[in-house]
Structures are given as C-alpha cells and as structure tokens.
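Heads up, the thing below is written out as structure tokens.
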Amino acid sequence: MLQKPLLEFTDKGIYCAKGNFYIDPWQPVDDAVITHAHADHAYTGHKRYLAHHLSREVLYYRLGEIQLQTVEYGEKVMKNGVEISMFPAGHVIGSAQIRVESQGQVWVVSGDYKTEDDGVCTPFEPVNCHHFISECTFGMPIYKWKPQSEIFADVNSWWRQNVAQNLATVIVGYSLGKAQRILQNLDLSIGNVYTHGVIENTNEALRRNGIVLQPTHRITQESVKEEVRKGIIIAPPSSVGTPWMRKFGPYSFGYCSGWMALRGAKRRRAADRGFVMSDHADWTGLISAIDATRCESVYLTHGSTATFSRYLRDIGFDAHEVHTLYGGEEEEAPAQSASQPSPEGEGFEEKIPVKIAMEALPPGEGLGGAAL
Ligand SMILES: [Zn+2]
Ligand SMILES: [Zn+2]
Numbered sequence: 001m002l003q004k005p006l007l008e009f010t011d012k013g014i015y016c017a018k019g020n021f022y023i024d025p026w027q028p029v030d031d032a033v034i035t036h037a038h039a040d041h042a043y044t045g046h047k048r049y050l051a052h053h054l055s056r057e058v059l060y061y062r063l064g065e066i067q068l069q070t071v072e073y074g075e076k077v078m079k080n081g082v083e084i085s086m087f088p089a090g091h092v093i094g095s096a097q098i099r100v101e102s103q104g105q106v107w108v109v110s111g112d113y114k115t116e117d118d119g120v121c122t123p124f125e126p127v128n129c130h131h132f133i134s135e136c137t138f139g140m141p142i143y144k145w146k147p148q149s150e151i152f153a154d155v156n157s158w159w160r161q162n163v164a165q166n167l168a169t170v171i172v173g174y175s176l177g178k179a180q181r182i183l184q185n186l187d188l189s190i191g192n193v194y195t196h197g198v199i200e201n202t203n204e205a206l207r208r209n210g211i212v213l214q215p216t217h218r219i220t221q222e223s224v225k226e227e228v229r230k231g232i233i234i235a236p237p238s239s240v241g242t243p244w245m246r247k248f249g250p251y252s253f254g255y256c257s258g259w260m261a262l263r264g265a266k267r268r269r270a271a272d273r274g275f276v277m278s279d280h281a282d283w284t285g286l287i288s289a290i291d292a293t294r295c296e297s298v299y300l301t302h303g304s305t306a307t308f309s310r311y312l313r314d315i316g317f318d319a320h321e322v323h324t325l326y327g328g329e330e331e332e333a334p335a336q337s338a339s340q341p342s343p344e345g346e347g348f349e350e351k352i353p354v355k356i357a358m359e360a361l362p363p364g365e366g367l368g369g370a371a372l
C-alpha cells in the first residue's frame with residue numbers, strides 16, 4: 001500500500017502534517033524548522049524556531065527575540081511521533097539539511113548546500129533518504145567551480161599587487177557565508193582586514209557563537225583612510241557604487257559570486273576582478289550530492305529547476321520541479337546592476353516573479369497544497 005507522503009508543499013512552505021511543523025516557511029507558522037539563517041529561509045513571525053546551534057546568534061541578530069530551540073548535528077528531536085535531525089549542508093556556518101523520519105519513510109530537505117569543504121563551515125554530509133528536496137541554483141553544466149585554494153591564491157596575489165600600486169582593495173561578498181570564507185583565507189602578512197558594518201555585525205554574532213575568525217577592524221567615522229587603504233576591505237554587495245565605497249578610492253574592486261562565471265557579469269557590476277566563488281554546489285556537486293543520497297525521488301525548489309530536472313530524468317531519476325519562495329538572498333544581483341538591462345540574458349532564475357514562475361510549472365505543482 002502506498003504511504004501518505006510525509007512532507008508536502010503548501011503556500012506557507014514545506015509542511016509535515018503528521019508532525020505539524022514547517023521547514024523554512026515563508027508565512028508565519030507555529031513551528032518552523034530552519035535550515036540556515038539566510039533571509040529567504042529564516043523569516044520573522046513564527047511562534048517557535050528550531051535550528052542548528054551555530055545559527056543561534058545570527059538568527060537573534062537578524063530576527064530579534066525569537067523563541068528558539070537549537071540542536072547539534074545528528075541530535076534527534078521528536079514532534080508528534082516524527083523524528084527530526086540535522087546534518088551538515090556545507091553552505092554557511094550553522095547550515096543544516098533537515099532529515100525527517102516516520103514509519104520508515106525518510107525525507108531530507110537540503111536547504112542550500114555546497115559539496116566542497118570550505119574550511120569554515122562543517123562540510124556537507126550526504127544522508128540516505130527516500131525523498132530528497134534539493135536546490136539547484138547553479139544547475140547548469142556551465143557552472144563548474146575551481147578548488148577554492150586556487151581562487152584564494154588569485155585573491156591574495158591581486159591584493160598584493162594593489163598594495164604595490166598604491167590602490168586600495170575592496171572585495172565584495174555576501175555578509176553571511178562569503179564574507180567569512182574570504183576572511184579566513186586572506187593572507188594577513190599582506191595587511192589588515194577592514195570590514196563594512198553589515199559584515200562586522202555578522203562576524204560579531206558568529207564570534208558570540210564561539211566561532212574563531214581572523215582579526216578584523218570595523219570601518220567607522222574614526223578610521224584613518226590611509227591605513228584602511230593599505231589593507232583589504234570586505235564589503236557587502238549593497239555597498240557597491242555608494243559614497244561609502246568611493247571615499248576609499250582609488251581602489252581595485254573584486255566581486256565574489258558564482259554568477260561571475262557568466263559572460264558580462266563582471267562588467268555589469270563594474271568590477272575590476274570577478275572571482276567565481278559560490279556557497280552553492282556547482283553542476284557536478286549537485287549531481288554527486290543527489291546520487292549519494294540514494295533517493296527514489298528528487299524535488300527541486302529553486303534555481304535552474306527546468307534544465308536540471310530534465311537532465312535528472314534523462315539519467316534515470318524521478319525528478320520534479322516544485323514551487324517555493326527560496327533563492328535571492330546571497331545569490332542576489334547587487335543593487336547597482338539590478339536596474340540595468342542584462343544584454344546577455346543573465347539568468348537569475350530565482351528572481352522570476354512568483355506569478356510567472358507558477359505559470360511555467362506543470363499543472364498540479366504550483367502553490368496550494370499540491371501533494372508530492
Ligand atoms: Zn542560503
Ligand atoms: Zn537560499
């Protein structure tokens with residue numbers, strides 16, 4: 001006899017009816033299990049939150065005084081007879097895949113993940129399951145990441161050259177994830193690390209959570225410009241092109257994003273250097289992660305879902321596209337280029353308006369409680 005699916009997609013998020021909880025819901029609910037602290041996964045307004053303990057301080061910083069229970073990887077929590085446990089997703093510090101089990105049926109919600117060990121967060125760990133819910137932000141064969149040791153060798157030699165040419169160095173990356181990955185791989189024999197307030201607030205939250213990061217200097221009104229110009233400045237995408245950034249000129253500006261793999265991306269962000277670096281799995285990472293779960297079915301939540309689900313079906317997986325509101329925080333285009341046309345048709349799939357995205361879905365897979 002066919003068992004009722006343990007998880008289903010509703011207009012509030014991924015729902016477990018038996019356990020009466022949601023995973024990464026985008027509408028206010030009573031019980032929310034959170035994969036990680038990025039804004040498209042950790043919304044405000046839920047009554048109770050369950051997350052990994054390394055997400056604790058960043059969640060408090062971002063969401064205020066929430067009612068939060070935290071767990072370690074592998075620790076089990078029971079909700080109405082449903083077992084919930086978390087496993088490393090390798091995406092950002094504190095990110096977890098959520099494993100849900102009841103009566104022998106196992107589902108894993110991966111949230112966002114990457115398969116390369118970045119040395120900063122706990123490395124991705126494949127979890128056996130029957131049903132795997134996966135992102136596929138970079139689910140196209142053109143996305144193939146270089147090992148990060150090569151990328152950071154480039155970053156450090158670019159910084160060294162800038163110092164020699166009396167140029168300030170500004171490196172842009174998202175505040176939770178990319179910023180810490182950059183920081184931990186900088187060669188501090190070259191100079192000091194200075195941070196924009198948004199980055200430093202996140203660093204401080206992580207330090208309160210016991211994470212040891214390389215030393216940083218928050219940029220304030222009192223910062224001495226000539227000192228800052230000798231170091232490297234880590235700044236968020238929202239600071240690109242602002243007077244705040246311009247006051248450190250002349251500078252060389254590097255942008256870290258998986259989208260840098262696309263032709264024209266660097267120019268559209270007016271960046272001097274584009275570093276192809278992502279906290280999401282690339283094409284082969286996605287396929288190897290899915291394969292390692294030995295799952296029967298795959299559900300793709302955000303990213304290149306059409307291309308990637310077609311490919312997975314071609315190689316024999318039972319793959320489905322599902323509609324969610326994930327995608328768009330750390331994968332976001334910086335403010336400066338968001339309003340500009342993108343002549344090469346750069347594909348920010350996750351930014352397609354909800355209505356259009358839904359129309360593109362096959363019948364029965366849109367919002368409104370479609371069962372899996
Ligand atoms: Zn994320
Ligand atoms: Zn996301």
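Under UniProt numbering, the sequence shown has 86 at position 86, and the numbering climbs by one with no breaks.
Just so it is clear, CB atoms sit at the ideal spot from N, CA and C, and this is done for glycine as well.
Source: prediction; values computed, not measured.
Alpha-carbon to alpha-carbon, residue j and residue i
i: Lys225; j: Ala235; result: 15 Å
i: Tyr60; j: Gln67; result: 9 Å
i: Gln148; j: Met277; result: 8 Å
i: Ile133; j: His91; result: 15 Å
i: Gly231; j: Arg56; result: 31 Å
i: Lys76; j: Asp154; result: 42 Å
i: Ala292; j: Glu125; result: 9 Å
i: Gln27; j: Gly13; result: 7 Å
i: Gln180; j: Val120; result: 7 Å
i: Leu176; j: Leu312; result: 30 Å
i: Ser95; j: Glu227; result: 35 Å
Same chain, Cβ closer than 7 Å to residue i, five either side skipped, listed in chain order
i: Asp40; result: Leu325, Tyr326, Gly327, Gly328 and Glu329
DSSP three-state assignment for residue i, whether helix, strand or coil
i: Pro28; result: coil
i: Trp259; result: helix
i: Val240; result: coil
i: Trp283; result: helix
i: Ala205; result: helix
i: Tyr174; result: coil
i: Leu59; result: helix
Same chain, Cβ closer than 6 Å to residue i, five either side skipped, listed in chain order
i: Ala168; result: Arg229, Phe248 and Tyr251
i: Asn156; result: Asp187
i: Ser309; result: Leu300, Ala319 and Glu321
i: Gln3; result: Gln105
i: Phe317; result: Val298
i: Asp30; result: Lys47
Burial state of residue i, where buried means 16 or more other Cβ atoms lie within 10 Å
i: Met140; result: buried
i: Asp279; result: buried
i: Asp314; result: exposed
i: Val212; result: exposed
i: Ala164; result: exposed
Sheet register partners of residue i (DSSP bridge)
i: Met86; result: Ile98
i: residue 373; result: Shown here, the chain extends from 1 to 372; a query on residue 373 therefore has no answer.
i: residue 385; result: Nothing about residue 385 can be read from this structure; the chain reaches only from 1 to 372.
i: His130; result: None, per the DSSP bridge assignment.
i: Thr70; result: Ala51
i: Cys295; result: Answer is none; Cys295 lacks a bridge partner.
Short CB-CB distance (under 8 Å) between residue i and chain C
i: Ala37; result: The structure shown contains no chain C, having only a single protein chain.
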